[in-house]
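Contents: one structure, followed by commentary.
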Amino acid sequence: MHESILTHARSRYLWVALALCLVSIGLYVWHDPDPVPNGGTWLGYTLGTIGALLIMWLLLFGVRKRSYSTSLGSTRGWLSAHIYLGTALILVALLHCGFQFGWNVHTLALVLMLLVIFSGFFGVYVYLRYPALMTRNRENATRDAMLEEIAEIDQNALALADGIAPEIHAVVLRSIENTRLGGGVWTQLRARDGSDIAIARIRDAIAQRNTQLGAKPAPLKAGQTIIAMVDFLADQADDKQTEALRRLIDMLSRKRSLATRVARDIQYQAIMEIWLYVHVPLSITLLAALLTHILSVFFYW
Amino acid sequence: MAERFRIAIVGSGPGGLSAAARAAERGESHVLLEAEPHLSNTIYRYQKGKYVMDEPGILPLRSPIPFVAGLRETILEAWDESSARLKVNVRHRHEVKSIQRRADGVFDLACTNGAKFEAQAVVLGIGLQGNLRKLGVAGEDLPFVQYQLDDPDAYEGETIVVVGAGDAAIENALALAKQNNVVLINRKDEFSRAKKGNEQAVLKAIEDGVIECYYNSAPERVEALNAGRKPGRMILSTDKGRAQILLDRVIARLGATAPRGFVEACGVTFPSKDPASVPAISPQYESNVKGLYIVGALGGYPLIKQAMNQGYEVVEYITGSVVEPADAPLLKAKFSGLGGFRSVDEALARIQKNVPVLSHITPLQMREFMLDSDIRTPAEGETIFARNDYTNSFYSIVEGEVRIVVEGQAASVVLRRGEFFGEMSLISGRRRSATVVAGRNCILVETPRRSMNRLISSVEAVKREIDRIFIVRAIQSRFAPEATHEQLADMAANATLVRYKAGDNVFQEGEVGDCLHLVRVGSLTISRNIGGKDVVLTYVAAGNYVGEMALLGESRRSATARAAIATETIRLDGDAFKRLLAKIPVLKLRLQKEYRQRTAANLAMQSAPEGGDIISFLMAQGAGEATDILLIDESLCVRCDNCEKACAETHGGTSRLDREAGPTFANVHVPTSCRHCEHPHCMKDCPPDALRRAPNGEVFIADNCIGCGNCERNCPYGVIHMASKPPKKPGLLQWLLFGRGPGPGEAPYDAGIKKDGQAKKAVKCDMCKDQAGGAACVRACPTGAAIRISPEEFPAYAQSRR
Ligand SMILES: Cc1cc2nc3c(=O)[nH]c(=O)nc-3n(C[C@H](O)[C@H](O)[C@H](O)COP(=O)(O)OP(=O)(O)OC[C@H]3O[C@@H](n4cnc5c(N)ncnc54)[C@H](O)[C@@H]3O)c2cc1C
Ligand code: HEM
Ligand code: SF4
Ligand code: SF4
């Protein structure tokens, strides 16, 4: 049955990671170097080697993820190990340096490593939380289906508006042009789309229309809902176009709810991907820093 | 006045055309009657630019007209050219409507256009496509009424009335609605005949006002108009009265009438009512009507080359020449391993004599049967198939014996010359239930599923015999391996086969139970009414029994058993069963043990009824006929599409799974991906028999696929696509280090290059049978969202998701 990355194989790698931590701590406590623990002692070297190997192996996950025909374990198993052992790395690295920090390349490597790891924590949180949110938001439709429906509503709304009045048509057209889903990273993450503006425009147009018809301008209160507007219409306008306007508003509200869902869908997806754009580049930088760290240790000791 | 010829050939498909060409080459008096204004309508109607394949490759071509694999256009051109060169006497637009044999042995042929012909011999090569069904009302032949649609994009801005409610009508209506005003006429009030996807799409289009639909309506007449903006109108009768539609075009997609009615009217008899059965014909292709010959797809030979060879041979036979059939060398090669081989005919006769179940079939059927079959001479002790293999071929014992090793029993059952085995998996579509080991001097005939099924559906006696043995063996293997045949005879005699449609009740909670059912094909769900709601407790696959509870104590049914898909059971009489229980005390103990386990499992399920909802949901997705299904837990799936990428990367660049499409319930998502059905619908109509089942159960497409698209149409789950092979990609390291080419999971270079002239073949999930590590989609999923499970695991799965 389904197993998550945390529970994979009865959390086997959690135990491996814990064991690694315990052994490291035990050795660290038992080992009493002179003057203080640091990377230069035999334990420091050992933990450093373990840490460096771990980092190399963590980086290899990117390769494993793309080796589709390998029979070397499942990707899920690799990721489960990646997470637990990656976390254990914090301890290994701290014990390796004996809690000695400074303004140098060594500490830079450590900080980079911690950044990578904490971005990883965020990733795990996102992976465990967002999928279910996304499913709920979709209500069994696919994103393409929702986009298609939006496009259809646009078409129908345009046709309907065409029969009402030129200015309404113009408004609907502009609102369609202004609906932009997705867009730049920032827009994706904010989950906004142009629908609110569109509905507001229609509202203005209706008010304007009523003015033209000689009716009193509607006392549009802030926060007035579409439903209230429909009632208002029924009161004020009495020609047969009212019905068409009502339907137009129905359509546009449906569209807005769809657009909101699509925007949220895109947002969720973006969140599930965006952190990797921090995690991976930082881990490459970490690799560079790590190599510099090792080189400088050997050459300038 | 009727024109007179020696040979009249009806239908200019590869079979008929080849016959006419041979007759022309030999200077025989002949006429080729073709309904359409062009030759070979079936091939003419293939998609433009289709690559036509010349399977089976080993069969030599014997015909005066050429045929090698190539583009549809090239082939049709070559046929036009050679039929003109050989001066084939072809009459186009001559649809034959009746063929009668007079007392003097001469045939009268009448065409729908009034033309009449007389001939001494008739060759019928009308294929299986049948005639498109027409509207059947006045105006059905007006120029703007059409029965096919080749290119929906050819029409724009028209009002088009589409008549019909099947897949073809829906697909046409949806495609036309993009740039036309489409009105759909549906005789019923629903679209239940169509595939799920089409049904949903059309209902949505109607709801959105993209397509206007008249339900419960039928055309009354179609008329041409001289005045006004529209060239015609249709008068409709609807349940609310009469309606009129002004229109530019009518497209009626009412399916085709199978040619069988016409063929029967010519006097030809079919062996059974089964639509899959083909008329019995002699080795010279002569039907039961003397002088009336049948070639090509109509006679059960669905490939072009076979049809062409038969066309050639039939003219030889009619004119009295003796030819060895083109397949004789193939048969000879097959029999060469057989000791004491003299001639093909003698060898065929020997097999028929030794194996009684084959004695009922005609010599031509026997040839066909042996062409498809393999002769196997396993060494003593060799395993023929092992328990739990997922093969489905059928074996007849020509010589020697085999041993059937039954699970948990020391002594094995021995089958001897003349008996057969392998029928269980063939019929149930499930894994082998026992291991079979070769005995001494064993000669077997192994027949693939399709040929065997064709034989079963066309020869009643074969079906009866196989069913009889199946029942006895099923009872024995499921209940009482230790019982003798005599002990079981009573129960077998009282057993009957019962069929159920999906959703039918086998029995209902509260009924008095007087029998038990052994599921032979399909599967059941067991449910109980709890608090007014039907709660599914479990799923019962083929090979298991239900209803024993009522016989072991309780007299009333404690639950309802319902067919999850089309299902067949063996109904075992309760009294006979009780008598057997009395005779074999261990049986009672065994049943009671299973009974206790089942009750416990049911109780567990009852306490968590949500699990039952998941089973119901899965069943509604057709999972009841699956053997292995891909499920995605949407609370774990991060939508990275690594599963699809992995599929594409390991399968020539096209993913065979669509992760996003498909329904979701309680976070359980059923993506569009092959379920490896017990009885795969895709196998139904594959001309070269390219759809196969591998020993581990994977349904896959072999290289001899001809790209006809039948399987794509037949799969109800929409998981087969037609695709051509993309160019090779550079390796992972090259991409990573040098940025060469498209990376893993990215689209191949340039999909456009060399599209034409490249064979498009069907592709589908093969469950990574050639991958060392197993299903790539599941292994590639980083979060554990994707799993593959078999229906037996559904109850446990449902419980795990509480
Ligand atoms: C999409 C598709 C792709 C295929 N691809 C391949 C392939 O690549 N390779 C391959 O080997 N096979 C292929 N096949 C199978 C192949 O087309 C058929 O097996 C073959 O055409 C059968 O030939 P036939 O002569 O029996 O009948 P058909 O080819 O069906 O010809 C029958 C002819 O009879 C005419 N006719 C029917 N009724 C009457 C009547 N009453 N009076 C007068 N004329 C009549 C029809 O108009 C037609 O021209 C494919 C089939 C399909 C549907
Ligand atoms: C120094 C330590 C680490 C390094 C070098 C590292 C490196 C990587 C790399 C190279 C990838 C592959 C991304 C890709 O190709 O798409 C990855 C993925 C990932 N890492 Fe790390 N990682 C580290 C630590 C961690 C930690 C501690 C966690 C979690 C607690 C973590 C969680 C993840 C997750 C969830 C993924 C995404 C899997 C996917 O969707 O493909 N990482 N990491
Ligand atoms: S392709 Fe379709 S019909 Fe064939 S086994 Fe798969 S799901 Fe079943
Ligand atoms: S690989 Fe797994 S997580 Fe990624 S899309 Fe497929 S099922 Fe979802």
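Chains A and B are the protein sequences, given in the same order. Plus 769 on top of the position in the first sequence (first one is 1) and you've got this note's numbering. Under this note's numbering, the residue at position 636 of the second sequence is numbered 633, and the numbers go up by one with no gaps. We put the beta carbon where it would ideally sit given N, CA and C, even for glycine. Everything numeric in this text was worked out from a predicted model, so none of it was measured.
Following the DSSP letters along the chain, one finds residue 41(B) inside the alpha helix (DSSP H) bounded by residues 38 to 41. Under the three-pair Cβ rule at 8 Å, the stretch 233 to 251 of chain B does not count as touching the stretch 259 to 269 of chain B. Closest by C-alpha distance to residue 848(A), out of 882(A), 780(A), 875(A), is 780(A).
About 5 Å separates the CB atoms of residue 630(B) and residue 782(B); that is less than 8 Å, so the two are in contact. For residue 165(B), the closest of 190(B), 678(B), 155(B) by C-alpha to C-alpha distance is 190(B). Neighbourhood of residue 774(A) in chain B, by CB distance below 9 Å: 633, 779, 780, 781, in chain order. Per DSSP, residue 105(B) is one residue of the beta strand (DSSP E) stretching across 104 to 108.
Restricted to the stretch 405 to 439 of chain B, the beta strand (DSSP E) segments that are unbroken, complete and at least 3 residues in length are 410 to 413, 432 to 435, listed in chain order.
Shown here for residue 269(B): same chain residues with a beta carbon closer than 7 Å to its own, the five before and five after excluded, namely 454, 455, 457 in chain order. Within the chosen limit of 7 Å, ligand 3 reaches the beta carbon of residue 716(B) through at least one heavy atom. Residue 1060(A) counts as exposed, since fewer than 16 other C-beta atoms from the protein chains shown sit within 10 angstroms of its C-beta. The Cβ atoms of residue 500(B) and residue 559(B) sit closer than 8 Å to each other.
Around the beta carbon of residue 89(B), fewer than 16 other beta carbons sit within 10 angstroms, so the residue counts as exposed.
For residue 851(A), the CB falls within less than 7 Å of some heavy atom of ligand 2.
Distances taken from the Cβ of residue 791(A) to the heavy atoms of ligand 2 include none shorter than 7 Å. Using a 10 angstroms sphere on the CB of residue 594(B), the tally of other CB atoms stays under 16, which defines it as exposed. Its chain contains 447 as the residues whose beta carbon lies nearer than 6 Å to that of residue 686(B), once the 5 sequence neighbours on both sides are disregarded; these appear in chain order. Residue 231(B) holds the alpha-carbon nearest to the alpha-carbon of residue 141(B) among 193(B), 351(B), 231(B). For residue 158(B), the enclosing beta strand (DSSP E) starts and ends at 156 to 160. Secondary structure at residue 805(A): coil, using DSSP grouped into helix, strand and coil. Residue contact with chain B for residue 906(A): absent (no Cβ-Cβ distance below 8 Å to any residue of chain B). Interface criterion met: the Cβ of residue 900(A) is under 8 Å from a Cβ in chain B. Counted as a single uninterrupted DSSP element, the stretch harbouring residue 714(B) is not any beta strand (DSSP E), since DSSP gives it neither H nor E. Three or more beta-carbon pairs separated by less than 8 Å link the stretch 394 to 402 of chain B to the stretch 433 to 441 of chain B, which places the two stretches in contact. If you draw a straight line from the Cα of residue 589(B) to the Cα of residue 549(B), it is about 8 Å long.
Here residue 197(B) is exposed, its C-beta having fewer than 16 other C-beta atoms within 10 Å. Contacts between residue 903(A) and chain B, judged by CB atoms closer than 8 Å, involve 631, 636 in chain order.
At least one heavy atom of ligand 1 lies closer than 7 Å to the C-beta of residue 304(B). Ligand 1 never approaches residue 75(B) closely enough for any of its heavy atoms to be under 7 Å from the residue's Cβ. For residue 1012(A), the three-state secondary structure derived from DSSP is helix. Inter-segment contact for the stretch 698 to 711 of chain B and the stretch 48 to 55 of chain B is present: three or more beta-carbon pairs are separated by less than 8 Å. Judged by their CB atoms, residue 520(B) and residue 534(B) are not nearer to each other than the 8 Å cut-off. Beta bridge pairing from DSSP links residue 697(B) with 689(B). Taking C-alpha positions only, residue 540(B) is separated from residue 379(B) by approximately 26 Å. Sorting 21(B), 556(B), 564(B), 121(B) by C-alpha distance to the C-alpha of residue 596(B) places 556(B) at the top.
Separation of residue 921(A) and residue 885(A) (C-alpha to C-alpha, rounded to the nearest whole angstrom) is 44 Å.
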